[in-house]
Structure formats: structure tokens, C-alpha cells
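Those sequence lines, one after another, are chains A and B. Position 218 (the first sequence) corresponds to 218 in our numbering; numbering is contiguous. One rule links them: number in our numbering = place in the second sequence (from 1) + 1000.
Protein chains: 2
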Amino acid sequence: MKIIHTADWHLGKLVHGVYMTDQQEAVLEQFVDLVANEKPDAVIIAGDLYDRSVPPVEAVQLLEKVLFKINVELKTPVLAISGNHDSAERLAFGSSWYRHSGFYLQGKLAGCFEPVRLNGINFYLVPYAEPGVVREIFQDSSIQSHDEAMRRITWEIEKNIDPNEVNILVGHAFVIGGKTTDSERILSVGGSGCIDSDCFSPFTYTALGHLHSPDAIRHDTIRYSGSLLKYSFSEAKQRKSVSVIEIDSKGNLAIKEKSLTPLKDMREITGYIDELLDPAFYETQRLEDYLKVTLLDEGALLDPINKLRAIYPNILHLERKIDNIDLEKRQTLRLVQTERKTELDLFSEFYNEMTTSEFTEQKRELMTEVIDSVRKEVLFV
Amino acid sequence: MKIIHTADWHLGKLVHGVYMTDQQEAVLEQFVDLVANEKPDAVIIAGDLYDRSVPPVEAVQLLEKVLFKINVELKTPVLAISGNHDSAERLAFGSSWYRHSGFYLQGKLAGCFEPVRLNGINFYLVPYAEPGVVREIFQDSSIQSHDEAMRRITWEIEKNIDPNEVNILVGHAFVIGGKTTDSERILSVGGSGCIDSDCFSPFTYTALGHLHSPDAIRHDTIRYSGSLLKYSFSEAKQRKSVSVIEIDSKGNLAIKEKSLTPLKDMREITGYIDELLDPAFYETQRLEDYLKVTLLDEGALLDPINKLRAIYPNILHLERKIDNIDLEKRQTLRLVQTERKTELDLFSEFYNEMTTSEFTEQKRELMTEVIDSVRKEVLFV
């Protein structure tokens, strides 16, 4: 059996204020061609189809167009789950109808413990879920972390699994061994967002989404396909591809990466402004790419962004090396400070970042009470 | 052939700040039972399935549940169009898949000129569309009003219609002969929102949505089913029902109304506060109903709303007769004033209503220029 594994399309994504929809459409056209050529038995999309719970209309139309081509025109079964960026309820509307055409879209945990069976292979579609949701479903107050939640889910699946068959799990999670990029939200405090890869030992293959690089975990049977496109400059050096997996009836895997070529690459360039504005340099460059430019110059520069944009129209971010040094200093300082902070200080900073109103003495007192009462609860439960 | 015709569900509707989702769910359960008992060959939903383009998640879940029961469990074909309250693109996501199960959901005009054929009957599903959209599609600048737009659409349909067959149009529009209620937006300036009923003469039956009363038009072959529930106090005296239509092969119609019973009625009561708080009166009342209360008392009253709510918990609106008289006076005055206003005055009022910033002298000058230039354009084109 041949499967194409992709994830993290993030349709409707804005990067530094620029909608990626055109870029996404161009790469998805290549993806549809790939499906047409490879003729896989199934396509897996491991979550974050959209970038947010209410995506823009253009993103909705693009997703429908692409899925229609793959599932209806090319008659390829599609197995998809919702990720942390999707609204499970909104995305999954209509999934009962989609199944008739072999489009299996799992938004909620209910039902994810039963496999979708295709060509004798069992697919377990496990959408992203907060530990609190899993705790509710199983009425098990011991489930606090993502690891505990996923462990409970896979245990439920294992109860009825036949280890002599090929069993594939599709998930959207932060599995340990991976490295994060700054386009992912910071998931964890003290590691509670991470899941140990041994959760997935019952499965022949685990097709993951969430981390954006295919190198995020190195494991024989657990894999991130990586995102469709580079979605932040921290991903500038990542390969972007989809995975083509061949599985024989004994569960042996052969994995290939197929790269997709964006219209515009996303990359960083560093130098002195005069170098960057020198034709000898810029004539070697793909000028339309999305760029983060770091200038090495010290001292005042007159309107550098507009001078640079005259040559490189798609600069998304400009910074000065000198700023970076400052920033690094500040971050080091911040790290040192963070370690010493009380819950109240942390909340007060959070409040100031998220609102425009003052964190008054009255609010401080109220919050102190809340923190104290939570402490007591934790002690007495 | 038997058809059930409904429209204007407005799922996710807020009435005076209260979500109607529970009420809608209760009535839709009755609707599903009706479908199960009547066993129609099709269910028509003539637009405004949702109340807004991005409905709350509860409304999304309710719609999916109800449609699943009707279309998948009861195996009843469903013919639905988007109304002016729906987002055509968001609602119609997945419609290509739904067709496989006999759920025909038309969001856009493209494709609406070809009928859906069920049991030898042709259904033309014409979603709500602004005249500008129809103008674009047909590249016909003469299309300015809703009447011209619908005339162009039905003319396109008529080209290929067989008048010896039974042809049904499903539409969402303000057809003349109807009377509006204040839960509808005012559509028209100088009648441009209205459509003459003769547009629909080629059709055996025209199943409409948009106006909320089954009495909105009196015509042998054109009908509003009316909304699912009362959605404003101006609808307090309307019957709420769905229409059961039987059509024989010669196109003869037999129409019955089937009423649905809400958990809470929506109605108005008027009286002096002492009367309304008198057990002799209120013991004859369904106290849980949604109420608009008009008090006849003059002079000061101490906290009347809380006194009344102790008996009638679901008062949505309280007014004093005395206020009404004032209001009527003010409205008459306003009407007189409106007639004399310049475009600039009207815009300035609009600006003040819509923004919190001042309509400064500079803005006034700018707007004067804009108005003048538009005037010139109108003169010279």
C-alpha cells in the first residue's frame, strides 16, 4: 500500500501581515499533480488544515477545491484530522457525508478509537485534543498532561487492536525528540505539552502533524511530514516536502520525501546595506523571495527599508545586527528574571501584555486570593 | 410527489440578547419527526439556514445533526440554498460531497441554471444574490435591481425548461405582494429590493424564503413557508409552520400547513403593572414565554422590570406606553427632517452613528468634494 502523508497546511495563514493563500494554492496544485502521478491508496493530512478556527473565505474555497480534486476527481481516499489551529466543530461539519466518498475527516475524539479500514490496513485518526477534554471523556482526573492524555487514547485503541495487522495512527501532537520552531505556540510549561514516542509503539507507522520539519523527530516508525510551506523565518533552512510511504503486508516501511517548490522561497540574508544594494550581489539573488534582512551596519541609516524594497520587494522583516545584540542581552536578562518570578508576577506580566488596562492593586489582591485558593485545592485534593 | 417546504431557520440567532439555539433545537426535533411521519420525497430549505456568516459552534452542530437525521438516517433528499444571512462560501463547503447522498446545497449562482432532477421533477435552486453579482456573471450593466437580477436568472433557466414537466424554483427573495417584518433588514430604497411575482410564472411552484410569514404573499403557486420560529415581536401574531406540498404529474398542487410548537411562545402583553402582578391575571398566563411588556402606567415606577421578572422570567423587552407616544412624535419629526436633508447631512449623521470620532470640518470638505465629483460623473456619463 502506498500512502502520501502531509500535514500543517495552515490555509489562511498570515506571515508578517502577508496572506500566504496564493503561495499555498501554487504548492497545492503541485501536490494534486503528485497525487495524480503517484496514485497512492490514501492521502493523510495530519491536522492544521486551516490556520485558525474561522479561516478567511479564500482559504475555505481553496481547501474545498483541493480536496475535491484529490478525493472526488482522483478518487483517492483522504484521511484527515483537526489540529490545534482548526476548529474541530467547524472543520468536521459534513464529515458524515464525506465518508461516503472515502473522505474521512475526524474532528472529535468520539469515534476515533474505531479504525477506518482501507485495503486491510487500520487507520486510527486521533485529532488534537487538550488533556482536559480527554479527562472529561474518560472521567479520569489523573489525566493532566498531553502525554497522559495520548497514553489513555492509545491504550483505548490497543484494547481491540490486532498486532498482526498493519495499524497506522494519525495524530497532531508534540512528540518528544522533536524540536520546535517559533511558528508553533509554546505548548508546554515544564514539558506537560510533550508526548513520549513510546506511546506509539503499538503502531506500524505514526503519521504526525504539528511540528513543521520532517527532521523534528528521528524515529523509524514515527514521522512528521513537515508543513506545506515555510511559515516563519525560523523554518528558513528546513526542507519542505510530503512523505510517500510504502507499506507491505508485513509492515515494512519504505519512505521517500517529495519536495514541493514554492513560488517564493522564504530565507534570510545578512550584510552591509551597500553590499545588498550592489548589483554584483543582488543579480545572483531570487529577488521575489520573502526575505528577512539583517543589516550589519552600525550607526544611522537613511530609510534603509525603502532602499532595500526597491530591489527586494518582498522583504517581510528587517533588523539591525546591533538590535539583535541588545535583544540577546535583554533575553538573557529576562530568562534570569523569569526563574525568580512568582505566579503573581507572571500573571501580572501576562495581563499587561494581553490587555490595555492597568493591573491595579485591587486586581492584584483578587489574583492573590485566586492563587492562594488554587494552592490550597492542590494541597487538599 | 410530496415535498416539505421550510426556510429561515436562522440558527445561531440572538433575540434581544438571548440565543434561540435551545428553542430551535426543540422545534427542529419536531420537524425531524414530521419528516419521519410524512415521508416526503424531498425537503426544501429556502435559505437563511444560519443567522450570520460565521454562526456560533452550537448552531453549526445543530444544523449538522438535523440534516444528518433527515438526509442520511431518513434517506430524504434535501434541497437547500443560501440566503442573505448565510455566507454562501462557508455554507456550501462540501456540497460536492453532499450530492452523493441526495443533499443538494446551492451556495453560488454558478450551476443554478441546471435543475436537480428528482422523480421526474426539476428543481432550480437559486441562492440569494446581490444584483451586482448577477450583473458580473452576465456582464450586463443594465442589471441594477433585484427584480432585474431575478428576471435575468429565470430567463436563463427558461431557455431550457420543458413547460410540460413539473418545474419548481427555490428562491430567497423579497417578492412583491409580501409584507415585511422588522426582523428583516430593510432591503429596498425605492423598491429596488422587490421582485415582481410574474418572474416566477414559468414555474409550477416557487418555494420562497426571506419573509417570515406564510401570509407574506397570497398566490396560488408562490409561497413563503415562513420562518421556523418567531424571531421578533413584530412576528408575535404570525403562525409558524412548514408547508407540505403534494404535486401530481399535471402540476396540480395541494398545500397543507403543519405547525410546530415552540417551548416558549413569543408574545406581547399590555397593561398596568398592578394588573400584570395580580395572580388573577398571571395565573392564566404561560409565564415562561418570551414577552414584550408594555406598561400603561404614567409617572414614576420603582424598578418595574425586576418586579415583573419575578413573575415573568423571560421578559425580553419592557416599554412604557408613554415612551411610545414620545417615540411616535420623534419619528414623525424625523421623517419630516429627513426629507429636507442634503447628502452631506445624511452622510454626516451616518458617520456619527457609525464611528466614535468627530466629523470634522476637514472631513466635511473632503466629503463635499466626493459628492460633487460623483454628481459630475452622473451628469457626464
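Idealized CB from N, CA, C, for every residue including glycine. Keep in mind the model is a prediction, meaning the values are calculated, not measured.
Query, Result
"Coarse secondary structure for A:M1, derived from DSSP in three states", "coil"
"Inter-residue Cα distance where the pair is A:T261 and A:S241", "9 Å"
"Within chain B, partners of A:R90 - CB distance below 8 Å", "V1057, V1060"
"Opening and closing residue of the alpha helix (DSSP H) in which B:K1307 lies", "1304-1311"
"For B:V1054, three-class secondary structure by DSSP", "coil"
"The region 1100-1128 of chain B: positions lying closer than 7 Å to chain A by Cβ", "H1100, S1101, F1103"
"Inter-stretch contact (C-beta, 8 Å, three-pair minimum) for the region 133-147 of chain A and the region 208-224 of chain A", "no"
"Nearest neighbour of A:D41, chosen from A:N71, A:S213, A:E158, A:D86 [CA to CA]", "A:N71"
"Which residues DSSP lists as bridging B:Q1106, in chain order", "B:I1081"
"C-beta atoms of A:S145 and B:W1097 nearer than 9 Å", "no"
"Distance between A:F233 and B:V1035 (C-alpha atoms, nearest Å)", "55 Å"
"Close Cβ partners of B:S1227 (< 6 Å) along its chain, the five nearest in sequence each way excluded", "D1008, H1212"
"Span of the beta strand (DSSP E), counted from its first residue to its last, around B:V1242", "1241-1247"
"Beta-carbon spacing of B:G1083, B:P1127 below 9 Å", "yes"
"Of the listed residues A:K264, A:F281, A:L263, nearest to A:T270 (C-alpha basis)", "A:F281"
"Segment limits, beta strand (DSSP E) that includes A:S234", "Looking at the DSSP string, A:S234 is not in any beta strand (DSSP E), and its letter there is neither H nor E."
"For A:G209, three-class secondary structure by DSSP", "strand"
"First through last residue of the alpha helix (DSSP H) which encompasses A:H172", "Here A:H172 belongs to no alpha helix (DSSP H); instead the beta strand (DSSP E) covers 166-172."
"Between the CA atoms of B:T1368 and B:F1208 - distance to the nearest angstrom", "Reading the sequence as shown, one finds Leu at residue 1208 of chain B and not Phe. Approximately 42 Å, taken between the alpha carbons."
"Identity of the residues DSSP links to B:F1123 by a beta bridge", "B:V1116, B:I1168"
"Residue range of the unbroken beta strand (DSSP E) whose run includes B:L1431", "The question about residue 1431 of chain B has no answer, for chain B in this structure spans 1001 to 1381."
"Residues sharing a beta bridge with B:G1069, DSSP", "It is Lys, not Gly, that sits at residue 1069 of chain B in the sequence shown. Answer is none; B:K1069 lacks a bridge partner."
"Backbone secondary structure at A:Y19 - three-state DSSP", "strand"
"Any C-beta of chain A under 9 Å from that of B:F1068", "yes"
"Beta-carbon proximity list for B:R1135, same chain, < 6 Å, skipping 5 on both sides", "I1143"
"B:L1049 at chain A interface by Cβ criterion, 9 Å", "no"
"Inside the region 1137-1164 of chain B only - beta strand (DSSP E) runs reaching at least 3 residues", "none"
"Buried/exposed call for A:M266, threshold 16 Cβ in 10 Å", "buried"
"A:I157 beta carbon less than 9 Å from that of A:I247", "no"
"Per-residue DSSP class, three states only, for B:Y1351", "helix"
"Distance between beta carbons of A:N167 and A:Y124, contact taken as under 8 Å", "7 Å"
"Boundaries (first-last residue) of the alpha helix (DSSP H) holding A:R7", "According to the sequence shown, residue 7 of chain A is Ala rather than Arg. First-last for A:A7: undefined, no H or E at that position."
"Closer than 9 Å to chain B by CB, A:K72", "The residue asked about is misnamed: residue 72 of chain A is Val in this sequence, not Lys. It does; some Cβ of chain B falls within 9 Å."
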